[in-house]
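Chains as they are written, first to last, in UniProt numbering: chain A, 1 to 250; chain B, 1 to 250.
Worksheet for the structure shown next.
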């Protein structure tokens, strides 16, 4: 993997916010990662980075508050995108599906530049300080998802509890799939793996498949029960068929 | 809240590990918290703490690697207890219930000394460095639970995914209840609140209530019956999984 391939894609939006000189931010990230890989993260100073990038220290700190921040150059933009996406939700959006879609924004950021993402993943697993930084970033994503769900579940029994648990489950499912993909060196389709992982959360916490949408009368009271009585020797397909019939599913 | 009530209970086990002088560790924690409350965490140095406790710097670092560690004096013991508890599990233990029981060990640690726990919670919400430290501790609990579940789900479809998601859900549920209790100033029964929160996770991921466990009834009777009782909203895959388990099929 060459150091030039490690530079993240130019991100017009973030650059415009940061000060109107797109190549400098990109050059700082590329220089930083080249040095992190060559010398190690701890032995690279901000002075080393700016010397290689050919800019002054003040330019570095205009883009990044600290050396740690240059490792995660796009998380602030992604957090802002996620917050905006959730704020733009309507009451018609099914909440669990909505937070799953919000999590996919993070995956998209990683998938924009697989080589850079893999390199950063390896760096993060090796440097304890970066692990701690990443935990705090993950925590902020989780709180953004939980805040949205708390709003949607406001006034419902266990609303904040369900919001926190679902947000944590979404983040864990997303990260399980993302990290498998990063560990593999970005082989295969990350989006498919993340979709599958988030499907588990939706099946656990979202409305049952075939459920009637919010506001419409449901197929029974929330606490009603289904009882299947079967001889133990009955073939499994017949038991499943009975369950599907009882639930009114095809 | 007096500073003396803020000292954590003496913990014979941890003291024995740390070096056989029970009162010194306790005195250091009490002195540290008295200063943290009076002057603030950032403005308190290790020198201040040892001066108030009447011991030397070396004594402090014999018990605590850093100033941060004195804020969380019992997490290492609790992590060790959790790991030992999970390692002592049998194949007969239902895995989701087992990780919920493991999480209750953390609650018990907080509930041992409510005044100290409330004081620490307030400190942690105010000091960013302590928030980061706490996130890393929470992460270690979550990984301990996930490692156990990964072992139990080994070879099953989506085994590591389900392990990670359930571990995150357990931690989020536990912390939702724990933090509500801490925010309230330790009013009410924390154990009941945590039981209720963990019940949500068990209903989402554990076996359906009322399912007959494998091996309980004699499987040989041609006319015996299996009864699955489930809420209508339970995801179909989980119902099917339980049936497979009850029937002893892979």
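Quick reminder that beta carbons are idealized off the backbone N, C-alpha and C, glycines included.
- Any Cβ of chain B closer than 8 Å to the Cβ of residue 158 of chain A would place that residue at the interface, and such an atom is present.
- Counting of Cβ neighbours within 10 angstroms places residue 26 of chain B among the buried residues, the total reaching 16 or more.
- One alpha carbon belongs to residue 188 of chain A, the other to residue 65 of chain B, and they sit about 43 Å apart.
- The Cβ atoms of residue 201 of chain A and residue 170 of chain A lie closer than 8 Å to each other.
- Fewer than three Cβ pairs drawn from the stretch 113 to 126 of chain B and the stretch 56 to 64 of chain B lie within less than 8 Å of each other, which leaves the two stretches out of contact.
- By the Cβ-count criterion, residue 39 of chain B is exposed, with fewer than 16 other Cβ atoms from all chains shown falling within 10 Å of its own Cβ.
- Between the stretch 66 to 79 of chain B and the stretch 131 to 138 of chain B there are three or more C-beta pairs closer than 8 Å, enough to call the two in contact.
- With respect to the C-alpha of residue 174 of chain B, the residue from B:133, B:99, B:157 having the closest C-alpha is B:99.
- Around the beta-carbon of residue 193 of chain B, 16 or more other beta-carbon atoms lie within 10 Å, marking it buried.
- A distance below 7 Å between beta-carbons, with the five flanking residues on each side excluded, links residue 141 of chain B to the following residues of its chain, in chain order: 79, 82, 106, 171.
- The continuous alpha helix (DSSP H) containing residue 124 of chain B extends over residues 114 to 126.
- In summary, residue 128 of chain A is exposed, with fewer than 16 beta-carbon neighbours lying within 10 Å of its beta-carbon over all protein chains present.
- Taking 7 Å as the cut-off between beta carbons, the residues of the stretch 174 to 190 of chain B near chain A are 176, in sequence order.
- Excluding five sequence positions before and after residue 52 of chain A, the CB atoms of its chain that fall closer than 8 Å to its own CB belong to 31, 34, 35, given in chain order.
- Looking from the CA of residue 94 of chain B, the closest CA among B:152, B:110, B:85 belongs to B:152.
- Here residue 198 of chain B is actually not in contact with residue 110 of chain B; their C-beta atoms are around 15 Å apart, not less than 8 Å.
- Ranked by Cα distance from residue 44 of chain B, the options B:23, B:67, B:55, B:24 are led by B:67.
- Of all residues in the stretch 58 to 70 of chain B, none places a beta-carbon less than 9 Å from a beta-carbon of chain A.
- For the C-beta of residue 205 of chain B, the chain A residues within less than 7 Å are, from N- to C-terminus, 204.
- It is roughly 43 Å from the alpha-carbon of residue 126 of chain A to the alpha-carbon of residue 156 of chain A.
- Counted as a single uninterrupted DSSP element, the alpha helix (DSSP H) harbouring residue 202 of chain B occupies residues 190 to 205.
- Judged by beta-carbon spacing, residue 146 of chain B lies beyond the 8 Å limit of residue 132 of chain B, meaning their Cβ atoms are not closer than that value.
- Using beta-carbon distances, residue 90 of chain B does not count as an interface residue toward chain A, since no partner is under 8 Å.
- If you look at residue 54 of chain B, you'll find it isn't in any alpha helix (DSSP H); DSSP assigns it neither H nor E.
- Setting aside the 5 residues that flank it on each side, residue 130 of chain B is surrounded in the same chain by 41, 68, 71, 123, 124, each with a C-beta closer than 8 Å to its C-beta; the list follows chain order.
- Taken residue by residue, none of the stretch 26 to 37 of chain A has a beta-carbon sitting less than 8 Å from a beta-carbon on chain B.
- Take residue 46 of chain A, set aside five residues on each side of it, and the residues of its chain with a beta-carbon closer than 7 Å to its own are 57, 60, 67, in chain order.
- Residue 183 of chain B is classed as exposed because its beta carbon has fewer than 16 other beta carbons within 10 Å across all chains shown.
- No Cβ-Cβ contact shorter than 8 Å links residue 204 of chain B with residue 190 of chain A.
- Measuring C-alpha to C-alpha distances from residue 185 of chain A to each of A:89, A:92, A:114 identifies A:114 as the nearest.
- Per DSSP, the continuous alpha helix (DSSP H) segment holding residue 85 of chain A begins and ends at 75 to 87.
- Selection A:158, A:148, A:195, A:206 evaluated against residue 84 of chain A yields A:148 as nearest (Cα-Cα).
- Inter-residue distance for residue 108 of chain A and residue 102 of chain A is about 10 Å (C-alpha atoms, whole angstroms).
- Around the beta carbon of residue 206 of chain A, a 10 Å sphere encloses 16 or more other beta carbons of the protein chains shown; the residue is thus reported as buried.
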